[in-house]
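Asks: One point on numbering: in UniProt numbering, the residue at position 689 of the sequence shown is 689, and numbering is uninterrupted.
Note that CB positions come from ideal geometry on N, CA and C, so glycine has one too.
For clarity, every value in this text was computed on a predicted model and none was experimentally measured.
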Amino acid sequence: MEFTKKIKSLVSLKASRSSVDLTEVESPEIEEQVIVREKEPITKGLNDPQVEQEILNSIEAVFYSDESFDSSEYKLKEEVPETPDINEIYSEKTKLVSQLHVVSKKLSALILQNQSALAEELQCVTEMQKTLEEACAICGQSRSLLAQTKRDFTTASLGILASYRKREQLKCLLRSLCMIKTLQETDVRLRELLEEEDYPGAIQLCLECQKAASTFKHFSCISELSTKLQDTLVMTEEQLDVALSKVCSDFDRIHYEKLQEAYSLLGKTQTAVDQLLMHFASAIHNTAFTIVLEWVEKSFEGKDKGFQKRQYSDLCKLIDSESFSSCLVNLCKALWRIMHSYWCILEWHDIFNSDKKQVDESVNSEEFNRTYIHQKLEHGLLRIWQDVQQKVKSFLLASDMAPFKFDEFIRILALVQRLIDVGEDFCGSRSEDLQESIRKQSVNYFRNYHRGFMEELRTFLENESWEICPVHSAFSAVHLQEFRFLVRSSSRSFSSSPEKPETRRNSFLRKQAERTNPFEEKWEEEEKEDILSPIESEELERAHYDSDSDDSEIPDELKKDFIDENTEDIPRKVQSKLNKKLPSSGRKKQVPILTNTTLNVLRSFGKYMQMMSVLKPIAFDVLICMTQLFDYYMYSVSLYFFAKEMSDLTENILSNKLKTTLKRIRENLMIEEGSETFDNRNKDKIPPPALSTAVNLRKVEDLHGLAERVAAAESLVFLAEQFELLHLHLEMLIPPTKRAFLQQFCSQTVSQASELRRPIYMAVAARTIDYEQIVFLMSAVKWDVNDIMSQHSSYVDILLRELQVFSMRLSEVSRRIPVPKEAHDLLWEHCIRLANHSFIEGFSQARKCTNGGRALMQLDYQQFVIKVEPLTPLLQPLPGKELVEGYIKAYYMLEQNLEQWIRSHKEYTPKQLSGLVNCVPQLNKKGRQKLLSLIEEGDKLRR
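And the structure:
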C-alpha cells in the first residue's frame, strides 16, 4: 500500500507539473525550448542498473516516511520563485519522471517475482471461505436442533436429571465421610509405623493425610485434624533425628537407606547431612567420656565422688597406671567403630550417587543435593579425625608414664601407632597432634628409662662374674623375644602384594569386610625363649674344636627358612650373613661367646629398636642412647676392667683411630672418678664401673683371669657383630638424613671392637712371663768375649721354659672354656713380640760388645726361634723377628750406613738406639757423638 501511494504521489506530481500554464511565458524562445525538450525521451539511459540504483538513491527520504504522506501536496507546497525558471522546472519534472519510471519498473519486477505466492495465497483464501460457509451451515443446523429439543423437553425428563444429580451429590458426600473416617484413624497407623521404624512409610502417610485434609478443609472437624497431623510430623522428624544419631556408632545399611528415604520425602537431605556431622561430633565426645568414666568408677570401686560432673580432661587424670592401657584399648575400639560408621556412610553415598547419575542425569536439583552431601561428607573426614585425635591426645597427656614398665609402654606406643595408621587410612592425615603428644610422653619416659638402664648396666658390669653363657651354635639377636617384632614386620611385608597397593579407602574398609577391629587383635603372649645350649661344657668345647663336624650335626629345625621362637629356628640367609661376620677359625661350627651382661645389652637393643619402630619422631634420639650403651660396655670392658693395668703399654698398641674413639667415649659419657651420681651438668654421663671382687685377675695359674678376659673380649666382639647385623634394620627406623651418623658410628666405633682384643690379651701375655727378669739375666751376660761360643746363653732356656709353661696353662684354660683362634693367636703374638722386645732391650744394655759377642747374640736368638716355632706353628713369621735380627745386624754397620739405618728405623726406642751406638766398636768418638745427637734430636721430634 505504501508503495502504491508513493507511485500515486509521483503521478499526481507529474500531472500537476504538466498543467503549468506556459502561456504566461512571454518569450517565444523559451516556449520553443520546452517543446524541443519534451520531444526528448525521458527514459533515456534508464536501462542501466547502475543508473537505476543511483536514481533510487536520489529519492528523498521523506517519500518513505509513512503511509499518510502525500507526495503531490509535498511537491506543490515547495517554494517557487516569483519568476520561475522553465529549465529548472523541466529538470525537476524529468527527475521525478525518471524516479517514477524506476520505481514502477522495480514494482513490476517484484509483482512478477511474487506472482506464484500470490496465487497460493488466493487459493488459501478460497478454501477458508468454503470452510466458513460449512461452519455457518452447521451452526444453523445446531440452532435448529436445539430449538426442537427445547420444544420436546418434558417435566418427567427434568425430574430424572434432578434425581441423578442428587445421587451423585450423595456419593460425593459418602466419599468425603469415608475419607474423614480414614483421616481420623490415621493417627493409630502412624504410631504403628513409627514403632516399626518405618519412617518413610510414616512420613509418606502423614504427607498424604495432610494433602487430603487440605482438600476437605471446609469441614470443621478436619481443621483440628490438620493441626494434629502437623504435630505428628514434627514428632516423626524428632524420632528420625534420634535414629540418625544411632547410625554414628552402629551403621546398618538397610536402616540408613530408610532414613535417607525419609529425609528425601521431607525434602531435607542437606539438613540431614549437617545434623549427621553434629551427631558424629557428639558421639565421639560422649563415647570417650563414658569409657573413661567407667574405668574411673571401677578404679574407685563405685565411690560416688561426682565424677559425672567433671570434665573429660580431669577424668583422664584419674586413670591409674594399671588401668591405663586397658582403658586406651577400649577407647580406641569405640572410636574406631565411629570412624568406620562414617566411612560406611560415605561409601553408601558414593554408590547411591553413581546409581542415581545413571538414572536421572538431567535433574539439576538432585545433582546439586548429591554434590552438596558428598562435599560435606568429604570435608567431615578431617573433622571427625581431629575430634578423635584430640580425645586420645588428652588421654595420653593426662598421665605420667614414667613409672610404667617398658613392655607396657611399648604396648601403648604400638596402640597409638596403630591409631595413627588408621587415621592415615581414614583421611590421609599425618596426625601431628597425636604424634607430638606421644613424642612428649616418649621423650620423658625414655629419658628416665635410659638413665635407669645405664645405672642398671653399671650394676650388671660391677656384679658380672664374666663366665660364658652357654647358647646354641646358631644363636643370634633374632632369637631373643625383644627382636621378635622384626620377624613379624618382615612377614607382614612379604605377605602384602607389592603389585597392587591398596587405596586408602580399600585399606580402611577391608578391615570391616574381614569383620575385624584393628584394636581387638589379641596381644601375643610371651613365648618361652630357648637360647641356652643343652650340652655341657665339655661337649661345648668339643663342638668348638671338632674340625670334622658338618651340617649333619645341625638340627633339621635350623635348616628351615623361617624362624620359630620355640624351636630355635633361624633363617639360612641370616645365619649365612652372621657366619660371614663371626671370626673364622677354620672350623665349620663355632659357639658364640657371650656373658649375661652381653645378653642384657642385646635385650636392651631390642627394646630400644621396638621404641624406634613405633615412634619414628624420636627414633634418632633412641639410636643415640643405643650407641651410648655400646660405648659404655666397650669402654668398661677394655679400659676399666681388663686392660687398665696395662694402660701405658696399651696406648702404644692402639691405633690412632681407636684412640680417638676411646677419647670421645671418655669425654662424652664417663664422669670423672669421684662423682658417683648424675647432675645437671653431666646428666648424660655415668660413673665408670668397678670390677667385681669375685673376679681374680692375679692368679698366675689361670693366666691372670684369661677365661674372664676371653669371655669379656669375645662377648664385646659378638655384641659388635650383632650391632652390624642390625645395621640395615636401624637404617630403616631412622630418617634418611640421620643415616650418616649410624654409618660413621659403625665404621669408627663398632668396627674397632675387635681391636680391643689386643690390649686385653696383652695384659695376659705381659704378666704371665717375667720379661724383666729375662732382661736382667741378659744384662749379666758378657758380650765382649773374643771366642765364638758354641753354647747359647742360659736366659734363653729360662725364657723358653716360661713360654712352655704358658702353653700348658693356655691348654688347661682351653679345656674349661672355648678359646677362639683369634684369642689364641693374639696371646702368642703378644708373647713372642714381648719376648723379641726383651731381646732388643737386653742387647741394648750391653756396655761392650765384640765380634764374638755379636755372634753369641745371633746364636741365642736362633736357638730361641728354633725352639719357639713348634709352639706357634700358625705364627709364621714370628712377630717382631725382623726387628731383633735387624738390631743385631746393625752392630756390623759402618758409620754412614748406621746413620741412615737410625733415620729409617723409628720402631726402636732412643735408649735402644743409644745402647747400640755405644757398643759399636768401629765408631770413633766424634762419629759416636754425632749419632747420639741424631738420636736425641729424633726423640724430641717424636715427642
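Looking at C-beta atoms only, is the number of pairs between the stretch 875-894 and the stretch 809-823 that lie closer than 8 Å three or more?
Replies: Counting Cβ pairs under 8 Å, fewer than three are found: no touch.
Asks: When DSSP builds the beta bridges, which residues end up paired with Ile686?
Replies: Stepping through the sequence shown from its first residue, residue 686 is reached at position 686. For Ile686, which the question treats as bridged, DSSP gives the partners Met670.
Asks: Starting from Leu913, follow the alpha helix (DSSP H) in both directions and report where the run begins and ends.
Replies: Taking the first residue of the sequence shown as 1, we reach residue 913 at position 913. Segment 910-919, the alpha helix (DSSP H) holding Leu913.
Asks: Please report how far the alpha carbon of Gly267 lies from the alpha carbon of Lys317, in whole angstroms.
Replies: Against the sequence shown, residue 267 aligns to sequence position 267. Against the sequence shown, residue 317 aligns to sequence position 317. About 46 Å.
Asks: From which residue to which residue does the alpha helix (DSSP H) around Ile55 run?
Replies: Within the sequence shown, residue 55 is the residue found at index 55, counting from 1. Element bounds for Ile55: 49-58.
Asks: Report the residue from Leu461, Lys782, Gln169, Asn517 whose alpha carbon sits nearest the alpha carbon of Met857.
Replies: As a first step, residue 857 is located in the sequence shown; it is residue number 857 there, counting from the start. Among Leu461, Lys782, Gln169, Asn517, the Cα nearest to that of Met857 belongs to Lys782.
Asks: Give every residue of the same chain whose Cβ lies closer than 8 Å to the Cβ of Leu923, excluding the five residues on either side of it in the sequence, and list them in chain order.
Replies: In the sequence shown, counting from the first residue as 1, residue 923 sits at position 923. The residues are Glu895, Leu898, Val917, Leu931.
Asks: Taking the Cβ atom as the reference point for each residue, do Tyr891 and Leu834 lie within a distance shorter than 7 Å?
Replies: Working through the sequence shown from its first residue, we reach residue 891 at position 891. Working through the sequence shown from its first residue, we reach residue 834 at position 834. No, these two residues do not count as a Cβ contact at 7 Å.
Asks: Tell me whether Phe300 sits in a helix, a strand or coil according to DSSP, three-state version.
Replies: Locating residue 300 in the sequence shown gives position 300, counting from the first residue. Coil, per DSSP.
Asks: If you count every other CB in all the chains shown that lies within 10 Å of the CB of Phe776, and 16 or more means buried, which is it?
Replies: Reading the sequence shown from its first residue, position 776 is the one you call residue 776. Its Cβ having fewer than 16 others within 10 Å, Phe776 is exposed.
Asks: Please classify Trp336 as buried or exposed, where buried requires at least 16 other C-beta atoms within 10 Å of its C-beta.
Replies: Translated into the one-based positions of the sequence shown, residue 336 becomes position 336. It counts as buried.
Asks: Are the CB atoms of Ile338 and Cys327 nearer to each other than 7 Å?
Replies: Position 338 of the sequence shown, counting from 1, holds the residue named residue 338. Position 327 of the sequence shown, counting from 1, holds the residue named residue 327. No, the Cβ-Cβ distance between Ile338 and Cys327 is not below 7 Å.
Asks: Which term fits Ile774, buried or exposed, when burial requires 16 or more other beta carbons within 10 angstroms of its beta carbon?
Replies: Here residue 774 refers to the residue found at position 774 when the sequence shown is read from its first residue. Looking at its Cβ environment, which holds 16 or more other Cβ atoms inside 10 Å, Ile774 is buried.
Asks: Tell me the DSSP secondary structure of Lys95 in three-state form.
Replies: Taking the first residue of the sequence shown as 1, we reach residue 95 at position 95. The answer is helix: DSSP assigns Lys95 an H, G or I state.
Asks: Judging by CA-CA distance, which residue of Cys172, Val234, Gln239 is the nearest neighbour of Asp198?
Replies: By one-based count along the sequence shown, residue 198 stands at place 198. Among Cys172, Val234, Gln239, the Cα nearest to that of Asp198 is on Gln239.
Asks: Can Lys393 and Asp433 be called in contact, C-beta distance under 7 Å?
Replies: Here residue 393 refers to the residue found at position 393 when the sequence shown is read from its first residue. Here residue 433 refers to the residue found at position 433 when the sequence shown is read from its first residue. In this structure, Asp433 lies closer than 7 Å to Lys393 by Cβ.
Asks: Could you work out which residue in Ser142, Val80, Leu96 is closest to Ser71 when comparing CA atoms only?
Replies: In the sequence shown, residue 71 corresponds to position 71, counting from 1. For Ser71, the nearest C-alpha among the options comes from Leu96.
Asks: Do three or more CB pairs link the stretch 840-851 to the stretch 727-742 at distances below 8 Å?
Replies: Taking 8 Å as the limit for Cβ pairs, the verdict is that the stretch 727-742 does not touch the stretch 840-851.
Asks: Work out the CA separation of Thr149 and Leu158 for me, nearest whole Å.
Replies: If you number the sequence shown from 1, residue 158 lands on position 158. If you number the sequence shown from 1, residue 149 lands on position 149. Cα to Cα, Leu158 sits roughly 13 Å from Thr149.
Asks: DSSP on His830, reduced to helix/strand/coil?
Replies: Against the sequence shown, residue 830 aligns to sequence position 830. Of the three classes helix, strand and coil, the one that applies to His830 here is helix, per DSSP.
Asks: For a test of the three-state rule: what should DSSP assign to Met789, helix, strand or coil?
Replies: Within the sequence shown, the letter at position 789 stands for residue 789. Of the three classes helix, strand and coil, the one that applies to Met789 here is coil, per DSSP.
Asks: With 16 as the cutoff for other CB atoms within 10 Å, does Glu464 come out buried or exposed?
Replies: The residue you call residue 464 lines up with position 464 of the sequence shown. That one is buried.
Asks: Could you spell out the range, first to last residue, of the alpha helix (DSSP H) harbouring Tyr891?
Replies: Taking the first residue of the sequence shown as 1, we reach residue 891 at position 891. That residue, Tyr891, is in no alpha helix (DSSP H); it is neither H nor E in DSSP.
Asks: Label Glu482 either buried or exposed according to how many other C-beta atoms from any shown protein chain fall within 10 Å of its C-beta, with 16 as the threshold for buried.
Replies: Taking the first residue of the sequence shown as position 1, residue 482 is located at position 482. Result: buried.
Asks: For Gln929, I'd like the list of residues in its chain whose CB is within less than 8 Å of its CB, leaving aside the five on either flank, ordered along the chain.
Replies: Taking the first residue of the sequence shown as 1, we reach residue 929 at position 929. Cβ neighbours of Gln929 beyond the five flanking positions: none.
Asks: Assign Asp564 to buried or exposed, taking buried as 16 or more other Cβ atoms, counted over all protein chains shown, within 10 Å of its Cβ.
Replies: Numbered from 1 along the sequence shown, position 564 holds the residue referred to as residue 564. Summary for Asp564: the model assigns pLDDT 39, below 50, so the residue's position carries little reliability, and this model does not support an answer.
Asks: Do Ala281 and Lys391 count as a contact pair if the criterion is CB distance below 7 Å?
Replies: Locating residue 391 in the sequence shown gives position 391, counting from the first residue. Locating residue 281 in the sequence shown gives position 281, counting from the first residue. Going by C-beta atoms, Lys391 is not nearer than 7 Å to Ala281.
Asks: Work out the CA separation of Glu467 and Ser321 for me, nearest whole Å.
Replies: Taking the sequence shown and counting its residues from 1, the one referred to as residue 321 is at position 321. Taking the sequence shown and counting its residues from 1, the one referred to as residue 467 is at position 467. Cα to Cα, the separation comes out at about 38 Å.
Asks: Which of the three DSSP states, helix, strand or coil, is assigned to Asp569?
Replies: Your numbering for residue 569 matches position 569 in the sequence shown. Unreliable positioning characterises Asp569 in this predicted model, as indicated by a pLDDT of 40, which lies under 50. The coordinate reading is nonetheless provided below. Asp569 falls in the coil class under three-state DSSP.
Asks: For Glu936, collect the residues of the same chain with a Cβ closer than 8 Å to its Cβ; drop the 5 residues on either side in sequence, then sort them by chain order.
Replies: Here residue 936 refers to the residue found at position 936 when the sequence shown is read from its first residue. Here the set comprises Pro910.
Asks: Using 8 Å as the Cβ pair cut-off and three pairs as the minimum, do the stretch 719-729 and the stretch 784-794 touch?
Replies: Segments in contact, no.
Asks: Contact between the stretch 628-638 and the stretch 748-765: three or more CB pairs below 8 Å?
Replies: Because the criterion of three Cβ pairs below 8 Å is met, the stretch 628-638 and the stretch 748-765 touch.
Asks: Spatial neighbours of Arg515 within its chain, please: C-beta separation below 8 Å, excluding the five flanking residues on both sides.
Replies: On the sequence shown, residue 515 is found 515 positions in, with the first residue counted as 1. For Arg515, the pLDDT reaches just 49, beneath the cut-off of 50, and the residue's location in the model is therefore unreliable, although a value from the coordinates is still provided. If we look at Arg515 and ignore the five residues flanking it on each side, it has no Cβ neighbours.
Asks: Which runs of the alpha helix (DSSP H) spanning at least 4 residues fall entirely within the stretch 344-426, listed in chain order?
Replies: Correct list: 364-397.
Asks: Under 8 Å, with one C-beta from each stretch per pair, do the stretch 588-598 and the stretch 468-476 reach the 3-pair mark?
Replies: Because the criterion of three Cβ pairs below 8 Å is met, the stretch 588-598 and the stretch 468-476 touch.
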